[in-house]
Each structure stands twice: as structure tokens, then as C-alpha cells.
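**Q**
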Amino acid sequence: MSDYLVCAGPKVLLPGNDNPIPASIIVDKSSGKILEVRQGQHTTQDLGLTGCSVEWIDAANNIVLPGLVDAHVHLNEPGRTEWEGFWTGTRAAASGGVTTVVDMPLNSLPPTTMVSNLEAKKRAAEGQCHVDVAFWGGVIPGNQVHLKPLVKAGVRGFKCFLVESGVEEFPCVNESDLLLSMKELEDEDTVLLFHAELEDHCLQTKSDPRHYSSFLASRPQKMEANAISLVVKLQKAFPKLKTHIVHLSAASALPIVQDAKAIGLPITVETCFHYLCLAAEDIPDGHAEFKCCPPVREGINRDRLWEALKDGTVDCVVSDHSPCIPELKMLGGGDIMAAWGGISTLGLGLSLLWTEGKGRGVTLGQIIRWMSKQSAELAGFVNTKGQLQVGYDADFVLWDQEAEYEVTKETLNYKHKISPYEGRKLCGVVQQTFLRGKKVFDRLGGFPGPFGKLL
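My numbering puts the last residue of the sequence shown at 525; the count rises by one with no breaks.
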């Protein structure tokens, strides 16, 4: 006898739709794959499953969404597990409807810059993951010989920095390094990701380090525009190699991206929840929980980023979840310039984007395309993740779009309960999260897993 799971409800968000419709999703429990998606409301008999073993999930008034894909997460294990870790980070992801994360190559020790380091990370992750986890590799000076073996070992692509990363074991690359690396990767089915800031050596900053304005002035938009101009220049020499700009914050760089896309270069761009939901003028001095690199910029810049999402210049939205131990955030001292730059967001992204976006005329379908379909495509999950579609993994979320909650330390599931959103009221609550048809989060029942795989 075959075992099936059916998730049915009046509000299911299917591919290509901006709003939910009635539908039933039929899942083969043995494979965890979606067998059929049938529009309309049904019974077991309607679906032809009489005589079979069927687990029925009635979504009721919740919206059924595809599992989200967060392609920019720092889980920091092994080596800096006191900052975060696979267990806590993936629990936080599941609580926010994220069913797949892609872990960045740095902040763990060792960094993912050669196959042996990747294997160390996989060993550390084994048995700890509440959602599926994949890995980015890293490009640093002199590791070109390791890039093709890393592709063969399964990394989804490669991250590099054009400015110092903040950790000595992952140095930044220059143009000469990039030419060697891009030559090595040009015939591979992969993508090269850029932390796109270039140092401005003429910049002088002597302001009070407790003022957020001092930090903002130290990372001007010009740094991002200069870096993206270099990426486009290099990509013209290697036009087959896909490139991607991580965590774009500078709206002034958008025309450079638009021009590159217009001539057919395979370049994509992400931005982050904090750039879309926060504004520099609202950040109080001395509060390093708001610090990230590149920085949160002014409200008018935020508005332009939203428009770039709507017109397709920016492709997807990710967390850049980058935690650290509280001591490095210097929360007591208020020295923003010296504090670690990174914002923790795993578990909050869908609520943040919906709360901010619905007032800007954004549909739920658009948000899910930015957070699921297009982030899945970035990481190479073609025909497996990011949509409620036949043959895809049965990753889905039951979500109450009307429910509201206040962000408190108790609502955060990652390791260190530090958030710039604490005290903010958000709209939209994840009730349950399913990974390949298995429940991995229940708002009332916690975390049944871990059931995540290493992809």
C-alpha cells in the first residue's frame, strides 16, 4: 500500500500566482516529492486515494506557501560554534518557514576553501540540521587549484570579498586573484558571489565612534558602485560565468547592474531584510545590533531598493544572518565602529518582508518569488526547491498572514538573542513548517526533528 500526504486548503500559493487559490498538494511520503498539485477543493475520494494510506493536513485558514530558501547564512560551525551552530541556526530557520539554507564559507574554522575543509564542515553538521543545508565555497588568494575539486564535491558556488572580511583566515582578493579564479571556473556550472565593496583610501573618518552616522560615512555608496563596476568589467572577459552581488545596499549602484543585465551578462543581485525594513536616520547612537557591512542606509535609499525588486533589477532577498557572541557586539560600550558587523535575522524574514511590503503594494506572490523561487535558482536548486510543483521536494509552510506578534527575546530561536527588531510588531506567523513532507516546526509543538539533509 502506498503512503501519501495531502495538504489541502482554500489558500495555496502556486507558481506564477500573486495570490493564493484553493488547491490540494499530494505528496509521496516515501520520496518526499510532490506527486500532484490539483486546483480546487477536494476529498480523499475526489483525489482517487481511497484504499491508500493517507495523512491529511487541513490548512484551514492558513496560507500554504513553498518552503523558503535562504541562500546567505553564516552558521559558523565548526570553529566558532559559540557564535551560532547548525543546531540552533537551522531551528531558527525552520521557525520562520525556511526549509533550505546555504551556508557561507567564512566565519567557521576552517573556512570552506578546499575539499578537506568542506568535509570537516559536513562532519560537524551531520545529524544537527532541522532543515536542508547546502554550502558555498570560498575564493581567497592562491586557492585556485581547489576550486574545481570543490565544484565536484558539491558546493553551490563561491564567495569572495573585495574588501577585508573581518576574519584573517578569509582574506580579500584583488583583480589579479579574480582573473585566475574566473579563468578556472569559466567552464563550470557554478556562480561567483561578490561582497562588493572596494576601499576608498581618500576617506577620512574622525567622528564619534558611538554615532551611527560615523559608521555610515565610513562605508559610502561609492564603495559598492566601484566594486560592482569591477565585477562587470571582469565578467565581460568571462561572459559565460555567472556572477552574483550579495547584500546590495547602495541604490546608486543599481544603474550599473541594469546596464550589465541589458547587455546580457549573467549577473544577479540580492538584498537583505535589514536594507528593506530599516533606515539609517532611525538608528540610535551606540546600538551596534544595527551594524552590518555594507551598512543600513537612509530611507530614500530603502525606497529605491524596493522599486529595484519590483522591476527585477534585484533578484532575491536573503537574511545574511551573521551572528557573533554578545561581547563582540559591544552592546554595553556603544562603540559601533569597533563592534562586529552582522545582523541576526533567521526566523523573522517572511514576517518582516510581509509587514513592510504589504504597505508598498507588494503581493504575497512577489515576496515568495524573491524569498524562495529565485533564491533557489541562485543556489542551483533547479526542479527541486522553491515552488509547490510536481517533482519538487514537498517543502511547504502553513502561514497565518493576519496574525501579529511582537519580537521579543523569547520569540528568537537562534543562539544569541540579539536583534534590531526587538520590540517591533510584525504581521504574519508561521504555524507549521514541513520538509519533504515531514513536520520540522510546529508553533505549539516545537521541533520534531532534526530531519534536514546536507545537499
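Using N, Cα and C, we set each Cβ at its ideal position, and we do this for glycine too.
1) Roughly how many angstroms separate the alpha carbons of Arg161 and Ile413, rounded to a whole number?
2) By Cβ distance, which residues of its chain are closer than 6 Å to Gln305, with the 5 residues on each side in sequence left out?
3) For Gln502, tell me which candidate among Pro85, Gly155, Gly197 and Thr169 has the shortest Cα-Cα distance.
4) Considering only their Cβ atoms, is the gap separating Cys386 from Ala129 smaller than 9 Å?
5) I need the boundaries of the alpha helix (DSSP H) containing Gln436, first residue and last residue.
6) Which stretch, first to last residue, makes up the beta strand (DSSP E) that contains Gly79?
7) Determine the DSSP secondary structure at Tyr475, reduced to helix, strand or coil.
8) Would you list, in sequence order, the uninterrupted alpha helix (DSSP H) runs of no fewer than 4 residues that lie entirely inside the region 80 to 157?
9) Report back the beta-carbon spacing between Ser389 and Cys342 to the nearest angstrom; my notes put them in contact at under 8 Å.
10) Residue range of the alpha helix (DSSP H) that Lys253 falls in?
11) Can you check the region 264 to 334 for any beta strand (DSSP E) of at least 3 residues that lies completely inside it and give the ranges in chain order?
12) Going by the CB atoms, is the gap between Pro175 and Gly207 shorter than 9 Å?
13) In the DSSP assignment, find the unbroken beta strand (DSSP E) run with Cys230 in it and report its ends.
14) Roughly how many angstroms separate the alpha carbons of Ala323 and Glu294, rounded to a whole number?
15) Taking a contact to mean a Cβ-Cβ separation below 9 Å, would you say Gly159 touches Lys485 in this structure?
16) Using a beta-carbon distance below 9 Å, is Thr454 in contact with chain D?
17) Buried or exposed, going by whether 16 or more other CB atoms sit within 10 Å of the CB of Leu514?
**A** With the structure as the only source:
1) The alpha-carbon of Arg161 is positioned some 17 Å away from that of Ile413.
2) Listed in chain order, the non-local C-beta contacts of Gln305 below 6 Å within the same chain comprise Thr313 and Leu335, local neighbours out to five positions each way being set aside.
3) If we check each option's Cα against that of Gln502, Thr169 comes out closest.
4) No, the Cβ-Cβ distance between Ala129 and Cys386 is not below 9 Å.
5) If you look at Gln436, you'll find it in the alpha helix (DSSP H) that goes Leu434 to Ile438.
6) Element bounds for Gly79: Asp73 to Val82.
7) Tyr475: strand per DSSP, three-state reduction.
8) For the alpha helix (DSSP H) assignment, the region 80 to 157 encloses no uninterrupted run of at least 4 residues.
9) The pair is a contact, with the Cβ atoms about 6 Å apart (cut-off 8 Å).
10) Its alpha helix (DSSP H) spans residues Glu245 to Leu255.
11) Within the region 264 to 334, the complete beta strand (DSSP E) runs of at least 3 residues are 312 to 315.
12) Gly207 places its beta carbon less than 9 Å from that of Pro175.
13) Cys230 -> beta strand (DSSP E) spans Phe228 to Phe231.
14) Take the alpha-carbon of Ala323 and the one of Glu294: they are about 7 Å apart.
15) When the beta-carbon positions are compared, Gly159 and Lys485 come within less than 9 Å of each other.
16) Going by chain labels, chain D is absent from the structure shown, which holds only one protein chain.
17) In summary, Leu514 is exposed, with fewer than 16 beta-carbon neighbours lying within 10 Å of its beta-carbon over all protein chains present.
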